[in-house]
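K.L.:
Sharing a structure, written as structure tokens. Questions coming.
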Amino acid sequence: MKTNVTRAAAMAASAGFAAMALSVSCTKDRVALPDTDGGAAGSVTVRASIAGYYGDDHSAGAGNAVRDLQACIFEDGRMTGIFDNLSMSGGSCDLAIDGHSGTLYMLANTDGLIDLAALQAEEISETEWLRTTVAMKDGAPADFFSGSVSLDGMDKSQTRIPLSLRRGMARFDLKFNTAGKAEVYRVTLRNAAESVFLFPVSGQYSPEDVSRKDYSAEFREQPLTADTEGVLHVYEQSTGNRVVISVDAVIDGKTEVLTKELEEPLKRNTIYTLTLRKDTIDVSLEVSFDEWEPGSDTELMP
């Protein structure tokens, strides 16, 4: 089964995910801490902000739009506190907590997907929480963010604690490096994962029971002819199940379907660049990986 998105949807997603530095501001009543050192009572504030895509420190747009922001604290393996209906104002999210204990988890854009109150009522363990998965929403990957910070062991004098929210998806950009005329009509990830872990799981990029199907962005009405960001957004995922990136294009009047099986996992919050080439010998599609560290390049031949 194949799921398609229109050019308009893809371009909206590109604008929606390209930006990096917007922070969210949430207000919550602060709880005074006991005076442990003879000074005035204070408060501990966690400041959350949205991380940029790995390797992209200059992207711009409205990609950090936050519709829903919530948080919870786990102590000794149990969910002991929930912060919901957090309001946004200004350039940061300052969430007041009552001490340096446990781990604080924060989520954005998980409305309709993650119900913290229900999970707390079910007495979910922290181990189970860390393997919670996010499914597709309205037939597409959800544009969620997540982040956490361990409060245990922090010095009591540390009253402002940073927390970074990162996207659960990877982004594909398209670049052209052709001398002649080239038009792209479709970009597809074959055998794309339909769910992802809410938080990164060390050494595992997809749930064991993940379902897969082809996921495409269509540009039939207005083919792509210039470099374009965010042509496709997909969940972080393992690629051991013949996950293939495919580009349907017409180059100098000749129809080409360029494919490449991906050998490395697709990582969350990372940009992958598809480069369409044409030289005197052949046409190729090059996939590069933009991360904090230089990634590898791969090439496919038609």
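For what it's worth, the numbering used here labels the leading residue of the sequence shown as 3, then goes sequentially.
Each residue gets a CB set at the ideal place from its N, CA and C atoms; glycine is no exception.
Just so it is clear, the structure is predicted and the values come from calculations on it, not from any experiment.
Suppose the cutoff is 7 Å on Cβ atoms and the five residues either side in sequence are ignored; what does the same chain contact list for F201 look like?
P.N.:
Within the same chain, F201 has close Cβ partners L132, S148 and S150.
K.L.:
Return the CA-CA distance between D175 and T277, expressed in angstroms with no decimal places.
P.N.:
If you take the alpha carbons of D175 and T277, they lie about 9 Å apart.
K.L.:
Please report the straight-line C-alpha distance between K158 and H102, rounded to a whole angstrom.
P.N.:
Straight-line Cα distance between these residues: approximately 7 Å.
K.L.:
Could you say if the stretch 162-169 and the stretch 211-220 meet the contact criterion of at least three C-beta pairs nearer than 8 Å?
P.N.:
In short, these stretches do not touch, since the Cβ pair count stays below three.
K.L.:
Could you pull the start and end residues of the beta strand (DSSP E) that Q72 belongs to?
P.N.:
Residues L71 to E77.
K.L.:
Determine whether the beta carbon atoms of E77 and G104 lie at a separation below 8 Å.
P.N.:
Contact: yes.
K.L.:
Classify Q224 as helix, strand or coil using the three-state DSSP reduction.
P.N.:
Reduced to three states, the DSSP call for Q224 is coil.
K.L.:
Please classify Q224: is it buried, with 16 or more other beta-carbons within 10 angstroms of its beta-carbon, or exposed?
P.N.:
So Q224 ends up on the exposed side.
K.L.:
Of the choices R244, T261, A195 and T82, whose alpha-carbon is the least far from that of P143?
P.N.:
It is A195.
K.L.:
Can you tell me the Cα-Cα spacing of S197 and K256, whole angstroms?
P.N.:
If you take the alpha carbons of S197 and K256, they lie about 36 Å apart.
K.L.:
Could you tell me if D145 is buried or exposed, where buried requires 16 or more neighbouring beta carbons within 10 angstroms of its beta carbon?
P.N.:
It is buried - the Cβ of D145 has at least 16 other Cβ atoms within 10 Å.
K.L.:
Using C-beta distances below 7 Å, list every residue in its chain close to I126, excluding the 5 sequence neighbours before and after it, in chain order.
P.N.:
M81.
K.L.:
In the DSSP assignment, what residue or residues form a beta bridge with M156?
P.N.:
DSSP output for M156 lists no bridge partner at all.
K.L.:
For the candidate residues D254, L118, I99 and R192, whose alpha-carbon lies nearest to that of E263?
P.N.:
Ranking D254, L118, I99 and R192 by Cα distance to E263 puts R192 first.
K.L.:
Distance, Cα to Cα, D70 vs L106?
P.N.:
Approximately 17 Å between the Cα atoms of the pair.
K.L.:
Comparing alpha-carbon positions, which option in E238, A119, V233 and V186 lies nearest S204?
P.N.:
Cα-wise, what sits closest to S204 is E238.
K.L.:
Cα-Cα, which of G79, K280 and I52 is closest to A181?
P.N.:
The shortest Cα separation from A181 among G79, K280 and I52 belongs to K280.
K.L.:
Pick helix, strand or coil for E265, following the three-state DSSP scheme.
P.N.:
Coil, per DSSP.
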